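Let me begin by presenting the structure, written as structure tokens, before commenting on it.
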Amino acid sequence: MIDYHFDWSVIARNADKLTDALLLGLGLAVVSLLIGSVIGLLAAYARVSGKAWLSAPVWAYVEFIRCTPLLLLIFFLYFGLPEFDVTFLDKTQSFVLSLSLYAGAYMCEVFRAGLASIPKQYVEAAKAIGLRPWQRQAYVILPVMFRITLPSIGNNLISLFKDTSLAAAIAVPELTFTARQINANTFRVMEVWLTASALYLASAYLIAMMLRLLERRYASIR
Amino acid sequence: MDFSMAPGTFLFEAWQARASLLQGLGVTMLSSALSIVIATVCGLAMGVALAYGWWWLRLVARLYVDLMRGIPLLVLILFTYYGLALFGINVPAFWAGVIALGAFATAHVAENFRGAVQSVPAGQMEAAKAIGLTFGKRLSYVILPQAVRRMLPPWVNTALEIVKGTTLLSIIGVVELLLSAQQAMARNYMIIDFYLLTTALYVAINFTLAQLGASLERRFSYLRY
């Protein structure tokens with residue numbers, strides 16, 4: 178280490194590549210969060226429906242995903258789906274599918290807790306003014322639930338963003354994969370990994386700060 | 023799936039690969055156990071620093087915790103694996119991975135410890151001071167027995183995350199359960215069967231841990247501070 182001379186020109190030369198990689202990672206996280214939220218919302222409604230044939234499979238799905246390593250899920254879908262003649266997914270789409278399924282289980286728990294924490298009076302008031310069941314959901318329950326769960330959704334976005342690093346394992350050119358590639362080509366170990374770490378950290382903090390602003394604007398109802 | 027033991031069937035191939043699969047399972051368990059021990063010991067020390075340290079110690083610990091929580095585990099593992107060699111420390115991939123996993127989980131244990139300790143009402147600490155206990159006694163006789171109930175459920179969750187995190191060691195070439203299964207698949211192309219087997223093993227380990235965490239949570243659900 179005493180003999181190590183930093184040479185940051187490697188980073189400067191690959192700046193555009195690293196930027197593209199970072200943006201790809203952010204995009205993967207956002208898309209997976211959106212698909213995962215849809216899955217999670219449907220699953221959460223199934224979970225609170227009170228019907229065993231709906232809530233039992235969802236319980237199994239959530240527990241299964243929570244007990245399975247994400248990397249295994251990624252490999253399973255990437256290498257396993259073609260065995261079932263599902264060959265139209267490229268590696269990026271396959272990764273998004275894995276991360277969405279993964280996010281879906283966590284979002285299901287978030288939304289379930291959100292639905293459970295909606296004050297009874299809100300539903301009663303909505304009934305009292307004569308809203309139909311779907312109107313109660315659309316105008317009262319869902320908006321309140323999203324405000325209550327906003328911090329948890331934000332935390333999930335950050336951890337999904339960090340999880341996009343696993344896409345490197347199936348050669349999706351996101352930040353970790355690109356950093357590894359530059360590392361292999363130039364062997365500027367410290368520069369490359371310090372930069373990658375700093376980019377992940379800075380992005381995570383930026384997301385966290387934006388979420389805090391969002392939370393302040395749509396302050397949760399107490 | 024054909025459940026006979028004839029050559030070319032899944033059970034036959036799994037039996038052929040039993041030694042390497044069991045060894046992989048052993049590596050997974052050993053690396054998890056070592057990381058959990060490292061994370062618990064270092065995490066408790068760092069948690070004390072976070073909760074009761076001098077301001078500069080708190081700052082350093084806080085910086086460490088936030089750094090570790092903002093960087094993906096895979097980047098930490100790769101950084102450790104490639105970076106340690108620069109310091110003239112030539113550790114095998116296994117130890118690089120265990121160090122990275124341990125360092126990562128240390129931050130989680132520390133933050134969890136701080137939260138648990140600070141959730142004990144301040145009056146407890148004040149009362150312990152008032153009867154003249156030293157800092158060590160205040161911690162070990164008054165605060166910790168109350169905080170440990172808060173700490174156990176999330177500690178089990180951290181352990182579960184570590185077990186799942188050991189799969190990332192396959193990326194730096196540690197032949198743990200996932201990689202040993204992939205090596206078996208490379209021989210016999212039974213991709214679905216072997217991934218299902220691996221998944222079943224992970225789910226078995228992690229579901230047990232998760233149930234343990236849930237039962238601890240129920241056990242201590244009477245806690246209301």
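Just so you know, the sequences run in chain order A and B.
Every position in the first sequence, counted from 1, becomes a number in the numbering used here once 177 is added.
Every position in the second sequence, counted from 1, becomes a number in the numbering used here once 22 is added.
All residues carry an ideal CB built from backbone N, CA and C; glycine is no exception.
A quick note: this is a predicted structure, and the numbers were derived from the prediction, not measured.
- Between S57(B) and A379(A), the alpha-carbon positions lie close to 27 Å from each other.
- Restricting attention to E239(B), L231(B), W77(B), Y244(B), the CA atom closest to the CA of S54(B) is found in L231(B).
- Proximity of chain B to K194(A) at the Cβ level (cut-off 9 Å) is not reached, the minimal Cβ distance being about 17 Å.
- Contact holds between the stretch 245–258 of chain A and the stretch 270–277 of chain A, because three or more Cβ pairs, one in each stretch, are under 8 Å apart.
- Here A236(B) is exposed. Its C-beta has fewer than 16 other C-beta atoms within 10 Å.
- Between C244(A) and V225(B) the beta-carbon gap is near 4 Å, inside 8 Å, which marks them as a contact.
- Contacts with chain B at 8 Å (Cβ-Cβ) include P246(A).
- The C-alpha of T180(B) lies about 7 Å from the C-alpha of H130(B).
- Counting along the chain, K228(A) sits inside no alpha helix (DSSP H), nor does DSSP assign it H or E at all.
- Note on geometry: alpha-carbon atoms of L231(A) and R313(A) lie some 22 Å from one another.
- For Y74(B), the enclosing alpha helix (DSSP H) starts and ends at 40–74.
- A distance below 8 Å separates the beta carbons of Y316(A) and L308(A).
- The residues K268, F354, in chain order, have a CB closer than 7 Å to that of A348(A) in the same chain once the five nearest residues on each side in sequence are set aside.
- At least 8 Å separates the CB of W185(A) from every CB of chain B.
- In the DSSP assignment, H182(A) falls outside any alpha helix (DSSP H) and carries neither an H nor an E.
- Going by DSSP, D88(B) is part of the alpha helix (DSSP H) stretching over 77–92.
- Chain order gives the chain A residues near Y217(B) as L249, F252, F253, F256, G257, where near means a beta carbon separation below 9 Å.
- Proximity of chain B to A345(A) at the Cβ level (cut-off 8 Å) is accounted for by L96, I193, in chain order.
- Annotation: Y86(B) has no Cβ neighbours in chain A at a cutoff of 9 Å; minimum Cβ distance is about 13 Å.
- Pairwise C-beta distances place the stretch 97–114 of chain B in contact with the stretch 363–372 of chain A, as three or more of them are shorter than 8 Å.
- Taking C-beta atoms as the reference points, L89(B) and P175(B) fail to come closer than 8 Å.
- Note that the C-beta distance between L376(A) and L352(A) is below 8 Å.
- Here G145(B) is exposed, its C-beta having fewer than 16 other C-beta atoms within 10 Å.
- Nearest C-alpha to T341(A) among D184(A), R224(A), L211(A), L248(A): L248(A).
- When DSSP states are grouped into helix, strand and coil, D262(A) belongs to the coil group.
- Of all C-beta pairs linking the stretch 206–215 of chain B to the stretch 133–141 of chain B, fewer than three are shorter than 8 Å, placing the two stretches out of contact.
- With respect to A345(A), R357(A) sits close: the two C-beta atoms are nearer than 8 Å.
- Closest by C-alpha distance to L218(B), out of L218(A), V215(A), L250(A), L219(A), is L250(A).
- In this structure, L96(B) keeps its C-beta atom at 8 Å or more from the C-beta atom of I213(B).
- For I93(B), the neighbours in chain A by C-beta distance under 7 Å run, in chain order, S374, Y377, L378.
- Any Cβ of chain A closer than 8 Å to the Cβ of G235(B) would place that residue at the interface, and such an atom is absent.
- From the beta-carbon of V49(B), no residue of chain A is found nearer than 7 Å; the closest lies around 14 Å away.
- Nearest neighbour of Y395(A) by Cα position, chosen from F265(A), V321(A), L210(A), A385(A), turns out to be V321(A).
- By the criterion of a C-beta distance shorter than 8 Å, W236(A) is surrounded in its chain by R224, once the five residues flanking it on both sides are discounted.
- Under a criterion of Cβ atoms nearer than 8 Å, the residues of chain A adjacent to Y104(B) are, in order, N360, V366, W370.
- In the three-state reduction of the DSSP assignment, T31(B) falls in the coil class, being assigned neither a helical nor a strand state.
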